[in-house]
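*Asks:*
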Amino acid sequence: MQAWDIQFHALSVGYGNHVVLHDINATLPAGQISVILGGSGCGKSTLLRHIIGLSRPLTGSIRIGGEDLFRLDRQAFRRVRRQMGVLFQDGALLGALTLAENVALPLSEHLRLPKPLLHEAALRVLRMVGLEDFARFYPNQLSGGMRKRAGLARAIIAEPRILLCDEPTSGLDPVTAARMDALLLAMHQQYEHMTTVVVSHDLASLRTIADHVLVLREGRAVFSGSLAELEASDDAYLRQFLRREADEGQMALHEPPHPQVQAALEGWLRS
Ligand SMILES: Nc1ncnc2c1ncn2[C@@H]1O[C@H](COP(=O)(O)OP(=O)(O)O)[C@@H](O)[C@H]1O
Ligand SMILES: [Mg+2]
């Protein structure tokens with residue numbers, strides 16, 4: 410089996426008259442982890458919706474493994490769509506179903522398999538994300554990080570050729586976010602033929618997981634290349650963008666609160 414790349418050709422996407430992204434030309438390489446980076450509201454989720462085929466482009470095309478997604482007949486489109494696993498921003502678990510039932514959905518919706526077998530399949534991927542002990546829990550009994558991990562388990566249960574993740578680390582504390590990154594890397598390494606696309610504005614995550622980076626800014630793709638090329642870029646905007654995070658990180662490490670403020674705070678919190 411061959412991994413699929415994702416190509417954008419003169420792609421514009423948006424809603425009605427509102428063009429969100431203009432004239433995107435880029436390739437997300439087959440079998441690699443691509444990070445689509447951009448500020449809040451710049452159109453990352455919108456682009457993802459188009460890769461999944463939920464929305465049609467205003468103009469231009471998206472090619473998945475060489476096939477123009479929006480020119481396929483229904484059956485061929487469904488065949489491509491089946492090869493995509495998606496982790497939505499909030500995990501998108503159904504509240505009325507247990508974790509195991511949620512995770513098994515991509516299989517139970519389409520395959521006639523006995524219940525015990527589905528449960529076994531769900532346990533297998535829950536084990537991979539460290540949640541097997543929570544198989545019978547409901548989503549609202551879990552933390553945000555656990556829901557995202559469950560969403561990931563569901564996204565990979567059907568062994569997709571393309572794994573798409575919308576902000577897998579947003580809203581998580583740094584330790585939980587780092588665990589999620591490690592999990593994504595492990596997942597990607599486990600499936601040789603998988604192309605992974607992660608939408609993010611998390612620069613720490615970018616540096617941990619990305620092979621390839623697509624940077625969106627003000628409705629355009631301002632960079633598409635390897636992580637090393639991004640780090641080496643002398644573009645003023647990209648330099649500033651990448652440095653900002655480094656500065657923030659250093660501030661957190663090297664600027665403890667004033668001892669007097671710290672002592673006063675501690676006294677007040679104890680009182
Ligand atoms: N269903 C929708 N209908 C109309 N406009 C939308 C819709 N969803 C998102 N938008 C608009 O598209 C732009 C990009 O949104 P989105 O793709 O969600 O950004 P991001 O995921 O990068 O934060 C925003 O201006 C947003 O208001
Ligand atoms: Mg979004």
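Each residue of the sequence shown is one higher than the last, beginning at 410 in the numbering used here.
Where a beta carbon is used, it is the ideal one built from N, C-alpha and C, also for glycine.
Between the Cα of Phe632 and the Cα atoms of Leu651, Ser614, Thr617, Ile618, which residue gives the shortest distance?
*Replies:* The residue given as residue 632 occupies position 223 in the sequence shown. Nearest of Leu651, Ser614, Thr617, Ile618 to Phe632, Cα basis: Leu651.
*Asks:* Residue range of the beta strand (DSSP E) that Ile445 falls in?
*Replies:* For the purposes of this step, residue 445 is identified with residue 36 of the sequence shown, where counting begins at 1. Start and end: 442-446.
*Asks:* Quick one: using the 10 Å Cβ neighbour count with 16 as the cut-off for buried, is Trp677 buried or exposed?
*Replies:* Along the sequence shown, one-based indexing puts residue 677 at 268. When all chains shown are included, Trp677 counts as exposed.
*Asks:* To test your reading of the DSSP string, which unbroken alpha helix (DSSP H) runs of 4 or more residues are found completely within the region 444-483?
*Replies:* Complete alpha helix (DSSP H) runs here, min 4: 453-460.
*Asks:* Mind checking who Phe417 pairs with in its DSSP beta bridge?
*Replies:* As a working mapping, residue 417 is identified with position 8 in the sequence shown. In the DSSP output, where bridge partners are listed per residue, Phe417 has Ala435, Ile471.
*Asks:* Is it buried or exposed for Gln659, if we count other Cβ within 10 angstroms and need 16 for buried?
*Replies:* Stepping through the sequence shown from its first residue, residue 659 is reached at position 250. Low local confidence applies: a pLDDT of 46 at Gln659 is under 50, so the model's placement there is unreliable, with the coordinate-based value given in what follows. By the 10 Å Cβ count, Gln659 comes out exposed.
*Asks:* Ligand 2 and Ser454: does the residue's C-beta get closer than 7 Å to at least one heavy atom of that ligand?
*Replies:* Counted from its first residue, the sequence shown places residue 454 at position 45. Yes.
*Asks:* Helix, strand or coil, according to DSSP, for Thr578 in the structure here?
*Replies:* Your numbering for residue 578 matches position 169 in the sequence shown. Note: Thr578 maps to coil in three-state DSSP.
*Asks:* Three-state secondary structure (DSSP) at His519?
*Replies:* Numbered from its first residue, the sequence shown carries residue 519 at position 110. His519: coil per DSSP, three-state reduction.
*Asks:* Compute the Euclidean distance between the alpha carbons of Pro668 and Ala613, then round it to the nearest angstrom.
*Replies:* The residue given as residue 668 occupies position 259 in the sequence shown. The residue given as residue 613 occupies position 204 in the sequence shown. If I take the Cα positions, the gap works out to 29 Å.
*Asks:* Using a 10 Å radius around the Cβ and a threshold of 16 neighbouring Cβ atoms, would you call Asn434 buried or exposed?
*Replies:* Along the sequence shown, one-based indexing puts residue 434 at 25. By the 10 Å Cβ count, Asn434 comes out exposed.
*Asks:* When DSSP builds the beta bridges, which residues end up paired with Ser552?
*Replies:* Stepping through the sequence shown from its first residue, residue 552 is reached at position 143. DSSP, once it has assigned bridges, lists no residue as partnering Ser552.
*Asks:* In or out: Ala564 buried (at least 16 other Cβ within 10 Å) or exposed?
*Replies:* Against the sequence shown, residue 564 aligns to sequence position 155. It counts as buried.
*Asks:* Skipping 5 residues on each side, what residues in its chain have a beta carbon closer than 6 Å to that of Leu662?
*Replies:* Within the sequence shown, numbered from 1, the residue matching residue 662 stands at position 253. Interpretation of Leu662 is limited by its pLDDT of 46, a score under 50 that renders its predicted location unreliable; the figure taken from the coordinates is listed afterwards. Here the set comprises nothing.
*Asks:* Whose C-alpha, out of Ala439, Leu581, Val607, is nearest the C-alpha of Gly474?
*Replies:* The residue given as residue 474 occupies position 65 in the sequence shown. It is Ala439 whose Cα lies nearest to the Cα of Gly474.
*Asks:* Would you kindly report the start and end of the unbroken alpha helix (DSSP H) that includes Ser614?
*Replies:* For the purposes of this step, residue 614 is taken as the residue at position 205 of the sequence shown. 612-618 is the span of the alpha helix (DSSP H), which, as asked, contains Ser614.
*Asks:* Which residue's Cα is closest to the Cα of Glu568: Arg556, Ala544, Gln598, Asp582?
*Replies:* One-based indexing of the sequence shown puts residue 568 at position 159. Minimum Cα distance to Glu568 is reached at Gln598.
*Asks:* Should Gly448 go down as buried or exposed, given a rule of 16 or more other Cβ atoms within 10 Å for buried?
*Replies:* In the sequence shown, residue 448 corresponds to position 39, counting from 1. With fewer than 16 other Cβ atoms within 10 Å, it is exposed.
*Asks:* Inspect the beta-carbon positions of Leu551 and Phe543 and report whether they are closer than 8 Å.
*Replies:* What you label residue 551 is simply residue 142 of the sequence shown in a count that begins at 1. What you label residue 543 is simply residue 134 of the sequence shown in a count that begins at 1. Yes, these two residues count as a Cβ contact at 8 Å.
*Asks:* Assuming contact is defined by CB atoms lying nearer than 8 Å, are Met537 and Arg570 in contact in what I supplied?
*Replies:* Translated into positions along the sequence shown, residue 537 becomes position 128. Translated into positions along the sequence shown, residue 570 becomes position 161. No.
*Asks:* What residue range is occupied by the uninterrupted beta strand (DSSP E) comprising Ala630?
*Replies:* Indexing the sequence shown from 1 puts residue 630 at position 221. Here the beta strand (DSSP E) through Ala630 covers 629-635.
*Asks:* Quick one: grab the DSSP three-state call for Gly494.
*Replies:* For the purposes of this step, residue 494 is identified with residue 85 of the sequence shown, where counting begins at 1. The answer is strand: DSSP assigns Gly494 an E or B state.
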